[in-house]
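Residue numbers (this note's numbering): 91 to 580. Data block below; observations after.
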């Protein structure tokens with residue numbers, strides 16, 4: 091009994107914090123905050139960072155159809171979706187080429203510098219995209235926006251490092267919620283603010299600057315919001331430890347000299363594991379890529395399908411109509427992610443709930459062509475409900491995979507791990523819009539086919555991708571990392 095009483099205080103002393111290390115300051119604050127509830131300030135920081143990054147990614151979808159039409163590059167109306175897909179893909183292609191590099195930079199120099207650079211890039215190149223006057227200018231500005239902005243991977247690592255372990259799922263749920271919300275609110279802004287001369291002639295006169303650049307206003311608003319986030323970044327704490335491992339070795343030696351053999355038990359030797367051989371990590375990344383391909387293709391297809399004419403199986407919506415649907419969807423997604431998902435994840439686990447929601451997505455998605463047969467208020471109500479359900483199910487899957495990825499590696503490799511995740515995901519997302527646009531164009535050219543006519547085919551293809559992801563979420567493909575002794579101590 092005496093040995094146990096002596097050993098317990100020693101174990102409590104083992105955690106050493108270094109005065110000039112920002113990571114230690116965060117860890118100490120987390121230790122002192124035990125039992126104080128959820129740190130709302132940290133949630134807000136994560137939220138604004140991720141939203142600022144997510145808004146420009148899909149804000150173009152509602153007006154992309156009309157933007158490509160105005161470039162006069164498509165020979166027929168059905169070909170517009172084909173060219174629109176390449177503009178949508180250029181962002182993800184750029185991010186695919188540089189995500190690992192940004193992850194390595196985040197592990198070496200800190201999360202904060204990469205995050206700040208990413209937001210600055212949004213301000214510059216999102217603004218330039220709004221001023222595009224040709225197809226190739228749009229492609230190049232979107233490519234540079236993706237390649238020079240590497241903040242999403244470090245932000246996911248940051249979300250696990252800034253919270254205590256019991257709040258990790260809430261932190262990553264916030265990332266997923268903010269990401270999903272940005273991907274919804276972005277298109278809503280694009281829908282409401284594009285072509286302002288046509289929609290708000292009393293505020294934006296004809297033959298003005300806004301008439302010459304009809305798609306600049308939504309990009310300007312997003313860039314202004316990103317500029318405000320840059321100012322807020324001054325209050326973002328760094329979470330990466332900057333003290334060398336030799337310091338820890340000296341501390342361990344001193345502890346042994348004092349006879350405290352237990353003091354070193356909680357020290358984690360920062361060996362660099364080969365991440366490509368870490369199957370729990372790689373399996374979750376591969377599955378994440380499949381669902382990311384599905385999600386970005388769905389977002390592209392949904393916006394193009396919604397504004398397509400009825401004769402091509404679309405809903406004949408205006409950009410305002412698309413904005414209304416996506417705004418309501420975004421509000422519902424925020425409520426779900428912050429109030430419902432953490433409880434569901436604790437009850438079912440990230441894998442269990444992801445499997446269930448994946449299966450529910452299949453019949454929902456295949457019902458979309460039937461929704462197009464409705465009209466008036468009934469169409470609006472049903473498409474809003476379907477959009478809410480689809481985005482909630484997708485966010486549930488992605489959040490669960492975020493959790494698995496960050497639990498599969500130690501802190502000092504999370505930036506690199508998320509860099510690998512972003513690279514692979516961006517490659518798949520680069521394929522998604524181009525593929526979605528191409529398949530939609532093909533579907534709309536076969537309206538009288540005997541097998542899956544019209545848009546039935548494009549939603550069937552999306553369901554095939556979803557089904558592949560669901561199958562991969564079962565063993566033996568998906569592996570979960572078991573908690574080590576040091577994980578449990580932390």
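Glycine is no exception: its CB is placed at the ideal position from the N, C-alpha and C atoms.
Point to revise | Buried/exposed call for residue 449, threshold 16 Cβ in 10 Å | key: exposed
**Study point:** Cβ distance (whole Å) where residue 149 is taken to contact residue 509 below 8 Å
**Key:** Rounded, the Cβ-Cβ distance is 25 Å, inconsistent with contact.
Exercise for review: Determine contact between the stretch 509 to 529 and the stretch 390 to 404, defined as no fewer than three beta-carbon pairs at a distance below 8 Å.
Suggested key: yes
Review point. Do you know how far the Cα of residue 197 is from the Cα of residue 531?
Key: 43 Å
Review point. What is the rounded straight-line gap between the Cα of residue 600 and the Cα of residue 174?
Key: Because the chain in this structure spans residues 91 to 580, residue 600 falls outside the shown range and cannot be described.
Review point. Does the stretch 424 to 442 touch the stretch 484 to 497, meaning 3 or more C-beta pairs lie closer than 8 Å?
Key: yes
**Study point:** Rounded straight-line distance, which links the Cα of residue 405 to that of residue 281
**Key:** 15 Å
Point to revise | Cβ distance (whole Å) where residue 212 is taken to contact residue 313 below 8 Å | key: 7 Å
Exercise for review: Please classify residue 566: is it buried, with 16 or more other beta-carbons within 10 angstroms of its beta-carbon, or exposed?
Suggested key: exposed
Exercise for review: Give, in chain order, every unbroken run of the alpha helix (DSSP H) that is at least 4 residues long and sits entirely within the stretch 482 to 544.
Suggested key: 504 to 534
Exercise for review: With a threshold of 16 other CB atoms inside 10 Å of the CB of residue 265, please say whether the residue is buried or exposed.
Suggested key: buried
Review point. Using the rule of at least 16 other Cβ atoms within 10 Å of the residue's Cβ for burial, across every protein chain shown, is residue 436 buried or exposed?
Key: exposed
Check your understanding: Do the CB positions of residue 596 and residue 184 come within less than 7 Å of each other?
Key -> Residue 596 is absent from the model: the chain starts at 91 and stops at 580.
Check your understanding: So, is residue 226 buried or exposed, given that buried needs 16 or more other C-beta atoms within 10 angstroms?
Key -> exposed
Practice item. Compare the beta carbon distance of residue 399 and residue 178 with 7 Å and say whether it is the shorter of the two. Key: no
Point to revise | Environment of residue 539 [buried if 16+ CB atoms lie within 10 Å] | key: exposed
Point to revise | Backbone CA spacing between residue 239 and residue 172 [nearest angstrom] | key: 26 Å
Review point. Beta carbon of residue 382, beta carbon of residue 518: below 7 Å?
Key: yes
**Study point:** Stretch-stretch touch, CB-based, cutoff 8 Å, three pairs: the stretch 262 to 279 with the stretch 160 to 167
**Key:** no
Review point. How about residue 498 and residue 370: are their beta carbons less than 7 Å apart?
Key: yes
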